[in-house]
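Protein chains: 2
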Amino acid sequence: MVATVKNGSVGVVEAQSCTFAYPPDELVLENGEKLGPITMAYETYGKLNADKSNAILIVHALSGDAHVAGLSKADGSVGWWDEMVGPGKAFDTNKYFVISSNVIGGCKGSTGPSSTNPKTGKPYGIDFPVITIRDMVDAQRHLIDHLGIKRLLTVSGGSMGGMQVVQWMVSYPERIKSAIPIATALRHSPQQIAFNEVGRQAIMADPNWQGGNYYGGAPPANGLSVARMVGHITYMSDISMAEKFGRRFKNERQVFKFTPNFEVEGYLQYRGNNFVKRFDANSYLYITKAIDYFDVTEGINIGEIFKGVDARVLVIAFKSDWLYPAYQSQEIVRACKLAGIEVTYCEIDSTYGHDAFLLEITEETHLIRYFLEKVHHGELTEDYEI
Amino acid sequence: MVATVKNGSVGVVEAQSCTFAYPPDELVLENGEKLGPITMAYETYGKLNADKSNAILIVHALSGDAHVAGLSKADGSVGWWDEMVGPGKAFDTNKYFVISSNVIGGCKGSTGPSSTNPKTGKPYGIDFPVITIRDMVDAQRHLIDHLGIKRLLTVSGGSMGGMQVVQWMVSYPERIKSAIPIATALRHSPQQIAFNEVGRQAIMADPNWQGGNYYGGAPPANGLSVARMVGHITYMSDISMAEKFGRRFKNERQVFKFTPNFEVEGYLQYRGNNFVKRFDANSYLYITKAIDYFDVTEGINIGEIFKGVDARVLVIAFKSDWLYPAYQSQEIVRACKLAGIEVTYCEIDSTYGHDAFLLEITEETHLIRYFLEKVHHGELTEDYEI
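Same order as they appear, the protein sequences are chains A and B.
If you're matching positions, the first sequence starts at -8 in my numbering and goes up one per residue.
If you're matching positions, the second sequence starts at -8 in my numbering and goes up one per residue.
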């Protein structure tokens, strides 16, 4: 959402990647299948300190990637959370070593459905196994191992990123000192599943989808665009749409045609069309499914979810976020409290809806800087300024 | 939503229709174009009294039709608001003469894009003019003239039906004694427009749409189904989806495929598939556009909208309706108050979301019976029972 580079940029950054050779270190997925070799695309900012105690993992949302901060060496693009990661920023790269990676199942360098299937020499397509949030986190754990980090200072992300944060708490509590889940949930609700399913149906209804075997031909652009349009409605709020677009027409007056007439229609079409240039439709299917299957409450008492977790937690929600309503963040807080975890909850009074986690930089920065300082040093140090 | 016939059914009803021969009585549309001849499909229940003072017009929502009550003689189907219209019901056919008609632009007997264009002898397709809520109401006024009714006792409907009610107040205040707009608005908001636009884009992205000229061939079923799925999400609420589906799987356990797996996915697909059997995709385009253009506040002070209206008004909204939130109904109330209209507002505490107007029968019945009794007689008569 933010395209300007302010003071405190990490500068030009280069994409990195590592590939885990399997066997013997095959990734056994939650559904029992095995996946390998796995390539993980990642970026790092700042410096790892001597005792490796200052490493932070940032995890991305549905359409994100490893390029969180700075200017991409490859294409000059600005990272998706650049205002939050850099010298003097919330995730202060003068103090912390920040790692980010593209999720498996994605299409931004990590292994996903558009990657080559070693068994066939062709793209996986829908032969790619269905992966889960737990699988994404397992792959990230391999990357953290590869970087020689025993325990992360924190893991943070919003939306699907927040689900990965929650999953880190469940899967690898001993590997994190703290966690910052933002605008997220312990499980995906039926309404959230329903919106994802509409997007999937739109993609699969596009004849170009070809059962997922469209690589080398025209992608299912119309279907993916419709899926993204649905998404964008859910990322904004009734009030933010009223503030941004109102009922304004793109042209001077009503033209009475089925081409986009209202500004909001033009915006959605623009967003949809842009998305198909940068995202793979099959990744959209796999990642939304992973989100929908996410449910750390399944078959377990809420008080048991985080049992044994020895980490401080900062939970952030936004009042106008109706896609991941605040009550879902409050459930995370409740699960933490029941497990005896020291948890801080903050509900930011924003009108931006779910997008707020990308836009409410000032408040998030204040909360996160303070929290990290306390986690890192046990208390506030002299150089901490509000 | 309601498929059982209770005591108090109007019984078997026959579809009626009338065709207005133009010229000279051509319908001049809001965009300046002329449309004719216009056929209006309608049904009536109960008997018109001698002084023709007991006539009620029921107007339908996006996918509704003239078959409001009783059992269709043609196909045995139950009317869409059968629990509200019949002997002893909210709209009591022992007392009132109830009329309902299919909107122009529709596909249930009234003239719409699937009707034959007299100039070409073929279906209009997208040569059908873009119509508005005002045009729909103008056509209804012709029907009311045809039936010899000078003044309606009331006009009532929910959702897009409510917009027609509001439009009756604006266009023909002298023809109505009262009005009951339910779960509706003075204007469509950008979020509401956005959801409709997603549906339209899904239809137009379907290659079977063929620029609207699909009659005689396969209809754009996939696109229309996706549009309907989006709609159904907005008609329910977060809580009603949680209560109805939760995270239950259709099958015994997670199967990890892209076929519908969760119950909520199966429900949406079922709803989408059923809809394409009974609705014309071009009508979906035209009717949603009419809804999106609806804005009786355009270029006018809110206090002036209902100036000169001499009608009692009952406004009903539902707490969990996030598609047409209660604040929009409260704006109708405000516009009424500013115009000196006697208005009653009731916000029903339902969890059903927007669908509540079809489901909260008991509360609606109580409110509407009482209101109509007062409007009809000026006071409660002895035979009124709560």
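Every residue gets a Cβ at the ideal spot worked out from N, C-alpha and C, and that includes glycine.
*Any idea what DSSP makes of A:V267, helix, strand or coil?*
helix
*Could you confirm whether any beta carbon from chain A is found closer than 8 angstroms to the beta carbon of B:I377?*
Here B:I377 scores only 43 on pLDDT, less than 50, and its place in the model is too uncertain to base an answer on.
*Can you name the residues of chain A whose CB is closer than 8 angstroms to the CB of B:G214?*
A196
*Alpha-carbon to alpha-carbon, B:P28 and B:G97*: 15 angstroms
_Against chain A, with Cβ distances strictly below 8 angstroms, would B:M160 count as a contact?_
no
*Identify every run of the alpha helix (DSSP H) within the stretch 315 to 353 of chain A, keeping only runs that are complete inside it and at least 4 residues long; order them along the chain.*
317 to 329, 347 to 350
*Following the continuous beta strand (DSSP E) through B:M31, name the residue where it begins and the one where it ends.*
29 to 36
_Counting only Cβ pairs nearer than 7 angstroms, list the residues of chain B close to A:V255._
P181, I184, A185
_Using beta carbons (cut-off 8 angstroms, strictly below), is B:D129 in contact with chain A?_
no
*Span of the alpha helix (DSSP H) holding B:S8?*
Unbroken run through B:S8 is the beta strand (DSSP E), 7 to 11; no alpha helix (DSSP H).
_Tell me the residue span of the beta strand (DSSP E) that contains A:L305._
303 to 309
*A:G77 - DSSP class collapsed to helix/strand/coil*: strand
*asked:* Tell me which residues share the same chain as B:M(-8) and place their Cβ nearer than 7 angstroms to its Cβ, disregarding the 5 neighbours each side in the sequence.
replied: In this prediction, B:M(-8) has a pLDDT of 40, which is less than 50 and means its spatial position is unreliable; what the coordinates show is noted afterwards. Only D346, L349, L350 meet the Cβ criterion.
*With a threshold of 16 other CB atoms inside 10 Å of the CB of A:T279, please say whether the residue is buried or exposed.*
buried
*Which residue comes first and which comes last in the beta strand (DSSP E) that contains B:F88?*
88 to 92
*A:D340: which of A:A317, A:V128, A:T250, A:V69 sits nearest, CA to CA?*
A:A317
*Assuming A:L215 contacts A:F297 under a Cβ cut-off of 8 angstroms, what Cβ separation, rounded to an integer in Å, is found between them?*
So it is not a contact: roughly 36 angstroms between Cβ atoms.
*Secondary structure of B:N108, DSSP reduced to three states*: strand
_Comparing C-alpha positions only, which one of B:E338, B:T342, B:L305 sits nearest to B:K328?_
B:L305
*On the premise that A:I224 lies in contact with B:Q182, defined as a C-beta separation below 8 angstroms, what is that separation, rounded to the nearest angstrom?*
7 angstroms
*If we count the other Cβ atoms within 10 Å of its Cβ and call it buried at 16 or more, is B:A(-6) buried or exposed?*
Below a pLDDT of 50, predicted positions are generally treated as unreliable, and B:A(-6), at 43, falls in that range; no measurement from the model is reported.
*asked:* Check whether chain A comes within 8 angstroms of B:P316, counting only Cβ atoms and requiring the distance to be less than that.
replied: yes
*Of the choices B:I173, B:I135, B:Q7, whose alpha-carbon is the least far from that of B:E165?*
B:I135
_Cβ-based burial, B:A175 [other Cβ within 10 Å; buried from 16]_ = For the record, residue 175 of chain B in the displayed sequence is Thr; it is not Ala. The residue in question, B:T175, is buried, as its Cβ has 16 or more Cβ neighbours within 10 Å.
*A:G2 - DSSP class collapsed to helix/strand/coil*: coil
*Once you ignore the five residues that flank A:G152 on each side, which residues in its own chain have a CB closer than 6 angstroms to its CB?*
V50, H51, A52
*Verify whether the separation of the beta carbon atoms of B:I173 and B:A302 is less than 8 angstroms.*
no
*Minimum C-alpha distance to B:R142 - residue among B:H133, B:G148, B:H357*: B:H133
*asked:* At the level of alpha carbons, what is the spacing between A:V(-4) and A:E254?
replied: With a pLDDT of 43 at A:V(-4), under the threshold of 50, the predicted position of this residue should be treated as unreliable, though the coordinate-derived value follows. Cα to Cα, the separation comes out at about 27 angstroms.
_Cβ-Cβ separation, B:E21 to B:D126 (assumed contact under 8 angstroms), whole Å_ = 6 angstroms
*Does B:E5 have its Cβ less than 8 angstroms from a Cβ in chain A?*
no
_What does DSSP give as the partner residue(s) for A:R191 in the beta ladder?_
A:R191 pairs with nothing; no bridge assigned.
*Note the first and the last residue of the continuous alpha helix (DSSP H) segment covering B:S147.*
From DSSP, B:S147 is part of no alpha helix (DSSP H) but of the beta strand (DSSP E) over 145 to 149.
*Taking Cβ positions only, does A:H367 come closer than 8 angstroms to chain B?*
no
*B:L134 lies in the alpha helix (DSSP H); which residues open and close that run?*
124 to 137
*asked:* Checking the sheet assignment: what are the DSSP bridge partners for A:L53?
replied: Bridge partners of A:L53: none, in fact.
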